Structures are given as C-alpha cells and as structure tokens.
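Below: the structure, in structure tokens.
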Amino acid sequence: MTDLTTGTARDTRVIQLADGAGWFTVCERALLTPGRGVAVLLPDGGQAALFTDRAGRAYAIGNRDPFTGAYVLSRGLLGSAGGRPFVASPLLKQRFDLVTGACLDDDEARVPVFGVRLASERTNLIREPFTGC
C-alpha cells in the first residue's frame, strides 16, 4: 500500500499479542512510535505495556508496576543495560527487563511477559482491533 499524500510506502503490518486463546491484534505497526510505550487492554481485562525500540523490535510486559500497584509501565523510559532492553518505571524508577520481565533492581520482583509478533494482516481476532495506539 502506498501513502498518496507523501508518496512513501506505508507499513501495513499489525502487532499481535499472545493470549491463552491464541493471538489477538492490537494495532497497526505504523501507529507506534519507536522508543515510546502504549497501554493495551487485554481480553481478560488486564493490561500490557507494548514497546517498540528504534531497531523495530516489539516487546510486551505487564503494565502494572509491582512496587506501587499503578498501571504505568507503558509510560516508562526505555534503555538498555548490558545489551538487555529495559523499561524504567516512571514512578520509582525500577528497571524491568523487556525480555524476561525480571526487575533489574530487585531480584524478588518481576512482571509478566507476553509474546509479540508482527503479522501481515488482521488475523485471529478475538475482538475488534484497537486503533488508538
């Protein structure tokens, strides 16, 4: 698909997250800003924090900060430590590994990690896709 207003190709792939019942579509990849997170409402009513890095890789972890109970990790700052990507909570600044969910500052704490994939079309929908990323 070509964007007629700019004359450039538009990324029409979609981001999907793993759920116990399969995969569900979150939004179009083109709607996400590298280095920034978005909150995602999960089919069970929970929340995930979805991130894409500047290299185009996507990660999803639980959005709830285990230290405060607030659903804010999607608003955290992305970084890396020892080559491992992390998000720092915007509240108390604890860092969570985006691959494992482990807290880099407290061995006792962790957040759930969700499978993420890019798909070429909207398949396996559990519900209508969220388009407000």
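Following the numbering used here, the numbering of the sequence shown begins with 22 at its first residue and continues without gaps.
For each residue, glycine too, the CB sits at the ideal point set by N, CA and C.
Here the structure is a predicted model, which is why all the values come from computation and not from measurement.
Residue nearest to residue i in terms of C-alpha spacing, selected from the options
i: Val59; options: Pro87, Leu99 and Asp40; result: Leu99
i: Ile82; options: Glu49, Leu113 and Gly97; result: Gly97
i: Val134; options: Ser101, Gly41 and Leu112; result: Gly41
i: Gln68; options: Arg57, Pro111, Ser95 and Arg75; result: Ser95
i: Thr46; options: Gly122, Arg75 and Leu63; result: Leu63
Own chain, CB closer than 6 Å to residue i, minus 5 neighbours either side, in chain order
i: Thr144; result: Low confidence applies here, because Thr144 scores a pLDDT of 48, under 50, leaving its location unreliable; read the following figure in that light. Once the five neighbours on either side are set aside, Thr144 has no close Cβ partner at all.
i: Glu49; result: Val35
Identity of the residues DSSP links to residue i by a beta bridge
i: Leu99; result: Val108
i: Ala69; result: Val61 and Gly83
i: Leu135; result: As written in the sequence, residue 135 is Phe, which differs from the Leu given in the question. Partner(s): Ala81.
i: Gly116; result: For clarity, residue 116 is Arg in the given sequence; the question names Gly instead. Partner(s): Ala109.
Cβ neighbour criterion (16 or more within 10 Å) applied to residue i
i: Val61; result: buried
i: Thr27; result: Legend: pLDDT at Thr27 = 45, less than 50; position of this residue unreliable, no value from coordinates given.
i: Arg116; result: buried
i: Thr73; result: buried
Cβ-based neighbour list, residue i, same chain, cut-off 7 Å, excluding 5 preceding and 5 following
i: Asp118; result: Arg105, Phe107 and Leu125
i: Ser141; result: Arg34
8 Å Cβ shell around residue i - same chain, five flanking residues per side excluded
i: Leu139; result: Arg34, Val35, Ile36, Gln37, Arg50 and Ala79
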